[in-house]
Amino acid sequence: IGTEDVDRAIAISEAPGKPVTPKEAFYWKAVILKKQKRYDNALQYMNRALALQMQEKISPYTNPVTFLMEIGRIYFDKKEYSTAVVNYQKALRYAVQVKNSPEQAMCYHLIGQVRLAGKIFGDARANLEKSLEIARSVDDPLLLKDNYKLLSDLDAAMGNYKKAYGYYRLYS
């Protein structure tokens, strides 16, 4: 999907029949802008998508978790770690509210990733281990692998090389 495609989707979404919702078009436009490292523009579109999402009834299938996680990812890429965590924590609250374990696991993972990047190792470990626990319970092998990688990085950063190697073996 290119930027022009998303611009077209936004225009089409405003036409009768609405094959693409404005929320979806804003979301994808933000994703493309983020890939282009146009973070401020990406945030504008993702916040517009989030605002539309917040107008809907919150349920396991319609909730703002994805949008809040994406906003957090944009702030993470901008190295604005505290703002990234705020958005991940908001996403986590909604994931808990709708009892969506996979989204909860991802939120803990993302918070752990930010804490690791910010060298807040104790908090990073607590969040990554919580994510690992939930990922095991919902049988999410990709998230398990990602958690093992970050736990390996964490232990290496803390000088716990034996433990880091153990997690790395689980990762690979």
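Residue numbers (my numbering): 39 to 210. Note that the Cβ used here is the ideal one computed from N, Cα and C, for glycine as well.
query	result
Validate contact between the stretch 175-194 and the stretch 202-209 using beta carbons, cut 8 Å, 3 pairs	yes
Own chain, CB closer than 6 Å to residue 182, minus 5 neighbours either side, in chain order	173
Proximal residues to residue 166 (C-beta, below 6 Å), its chain only, five neighbours per side dropped	150, 185, 188, 189
Stretch pair the stretch 97-112 + the stretch 134-152: three plus CB contacts closer than 8 Å	yes
Three CB pairs or more closer than 8 Å across the stretch 77-92 and the stretch 108-121	yes
7 Å Cβ cutoff met for residue 65 and residue 87	yes
First through last residue of the alpha helix (DSSP H) which encompasses residue 124	119-135
Distance CB(residue 146)-CB(residue 175) smaller than 7 Å	no
Residue 194 versus residue 92: straight-line alpha-carbon distance, rounded	41 Å
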